[in-house]
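Engineer: First the structure, then my questions, so here it is.
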Amino acid sequence: MTATDLFARRATLARSLRLLSQFRFEQSDPARFYGALAQDTAVMVDDLWRGVTGSALAGRTVLDVGGGPGYFADAFAARGAAYIGVEPDPREMHAAPGRLGGAGTFVRASGLALPFADGSVDVCLSSNVAEHVAQPWRLGAEMLRVVRPGGVAILSYTVWLGPFGGHEMGLTHYLGGARAAARYTRKHGHPPKNNYGSSLFAVSAADGLDWAANTGALVAAFPRYHPRWAWALVAVPGVREFLVSNLVLVLRRP
1 MTATDLFARR
11 ATLARSLRLL
21 SQFRFEQSDP
31 ARFYGALAQD
41 TAVMVDDLWR
51 GVTGSALAGR
61 TVLDVGGGPG
71 YFADAFAARG
81 AAYIGVEPDP
91 REMHAAPGRL
101 GGAGTFVRAS
111 GLALPFADGS
121 VDVCLSSNVA
131 EHVAQPWRLG
141 AEMLRVVRPG
151 GVAILSYTVW
161 LGPFGGHEMG
171 LTHYLGGARA
181 AARYTRKHGH
191 PPKNNYGSSL
201 FAVSAADGLD
211 WAANTGALVA
221 AFPRYHPRWA
231 WALVAVPGVR
241 EFLVSNLVLV
251 LRRP
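The sequence shown maps to residues 1 to 254 in UniProt numbering.
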């Protein structure tokens, strides 16, 4: 069994359409959007952990880098995992009043300098964070550092040239990041939350795959929201930058 066999069975067109329908609520109803994403993410991580290690996720420690206000905590707790959320921005940590202090533990810290010992967690997850930091592969290296030998790091990020690369700026990011941000500011009277060059960066699929391959720890790479029959897009240079949308890198620390 490969690392992705279990999750591949769930990667259907129906799942893709269901998740796609939730994206329109990211700004207007974040609890609805992130709640659905959290459930799907917990299932994905559980499947990948089982695929890599052959054991259950229950009883393991999951460190979520960029966990925000804790939307993912309940989903992982329901699967029996000990959840630790890391978030550097106090505004993001308190964006959903009442969520912190429930299931899980929450730490304010940067993913570029995680305040955890080497080999201290079983799973380190980063969901849609790498495109928001200027040094995404330093983030990846930190994730691998804190994972115990035999543990799993799962780095999932939005590819810049994909249709969602511009986040709330929509497809205008194809005009260029700076131009798209300026256009958004003129239209709305304020800069986008995900502002190109400060909180949003152009991260490619090729760079992520190259970095992961050079670690010697890569065990799988696939498009997060695509049905299984479209996963082969990851292997096609050029095309993958536009059609993969969100790339998942699965690494097992030696």
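We treat Cβ as the ideally placed atom computed from N, Cα and C, and that holds for glycine.
Just so we're clear, the structure is a prediction, and the values are computed from it rather than from any experiment.
Secondary structure at asparagine 128, three-state DSSP: helix, strand or coil?
Structural biologist: Position 128 of the sequence shown holds residue 128. Asparagine 128 falls in the coil class under three-state DSSP.
Engineer: Please report the distance separating the alpha-carbon of alanine 3 from that of arginine 50.
Structural biologist: Reading the sequence shown from its first residue, position 3 is the one you call residue 3. Reading the sequence shown from its first residue, position 50 is the one you call residue 50. For alanine 3 and arginine 50, the distance between alpha carbons rounds to 8 Å.
Engineer: May I ask which residues mark the beginning and end of the alpha helix (DSSP H) holding aspartate 210?
Structural biologist: Stepping through the sequence shown from its first residue, residue 210 is reached at position 210. Element bounds for aspartate 210: 205-215.
Engineer: Could you check what DSSP says for leucine 114 in three-state terms: helix, strand or coil?
Structural biologist: As a working note, residue 114 is residue 114 in the sequence shown. Leucine 114: coil per DSSP, three-state reduction.
Engineer: Identify which residue in Ala42, Asp40, Ala153, Leu57 has its Cα closest to the Cα of leucine 249.
Structural biologist: Translated into positions along the sequence shown, residue 249 becomes position 249. The residue with the shortest Cα to Cα distance from leucine 249 is Ala153.
Engineer: State the CB to CB distance for the pair alanine 58 and arginine 79, rounded to an integer number of angstroms; the pair is presumed to be in contact (CB under 8 Å).
Structural biologist: As a first step, residue 58 is located in the sequence shown; it is residue number 58 there, counting from the start. As a first step, residue 79 is located in the sequence shown; it is residue number 79 there, counting from the start. Alanine 58 to arginine 79, Cβ: 6 Å. Contact.
Engineer: Suppose the cutoff is 7 Å on Cβ atoms and the five residues either side in sequence are ignored; what does the same chain contact list for alanine 230 look like?
Structural biologist: Along the sequence shown, one-based indexing puts residue 230 at 230. Pro223, listed in sequence order.
Engineer: In whole angstroms, give me the CA-to-CA distance for glycine 98 and valine 239.
Structural biologist: Indexing the sequence shown from 1 puts residue 98 at position 98. Indexing the sequence shown from 1 puts residue 239 at position 239. With a pLDDT of 46 at glycine 98, under the threshold of 50, the modelled position of that residue is not reliable, and no figure is offered here.
Engineer: Could you spell out where the alpha helix (DSSP H) holding glycine 177 opens and where it closes?
Structural biologist: Position 177 of the sequence shown, counted from the start, is the residue given in the question as residue 177. First-last of the alpha helix (DSSP H) with glycine 177: 177-188.
Engineer: Quick one: what's got a C-beta closer than 7 Å to glutamate 168's C-beta in the same chain, skipping five residues either side?
Structural biologist: Taking the sequence shown and counting its residues from 1, one reaches residue 168 at position 168. Correct list, in chain order: Gln27, Pro192, Lys193, Asn194.
Engineer: Using a threshold of 8 Å, is the CB atom of phenylalanine 76 nearer than that to any non-hydrogen atom of the ligand ATP?
Structural biologist: In the structure on display, the ligand ATP does not appear, and there are no ligands present to speak of.
Engineer: Spell out the partners DSSP gives tyrosine 83 in its beta bridges.
Structural biologist: Indexing the sequence shown from 1 puts residue 83 at position 83. Note: tyrosine 83 sits in a beta bridge opposite Val62.
Engineer: Using the C-alpha atoms, what's the distance from methionine 143 back to serine 126?
Structural biologist: Taking the first residue of the sequence shown as 1, we reach residue 126 at position 126. Taking the first residue of the sequence shown as 1, we reach residue 143 at position 143. Using only the alpha carbons, I get a separation of about 8 Å.
Engineer: Between Tyr196, Arg148, Gly150, Arg138, which lies nearest to tryptophan 160 when the distance is taken from Cα to Cα?
Structural biologist: In the sequence shown, residue 160 corresponds to position 160, counting from 1. The residue with the shortest Cα to Cα distance from tryptophan 160 is Tyr196.
Engineer: My assumption, with CB atoms under 8 Å, is that valine 219 sits in contact with arginine 186. Please give the rounded CB distance.
Structural biologist: Locating residue 219 in the sequence shown gives position 219, where the first residue counts as 1. Locating residue 186 in the sequence shown gives position 186, where the first residue counts as 1. Valine 219 to arginine 186, Cβ: 45 Å. No contact.
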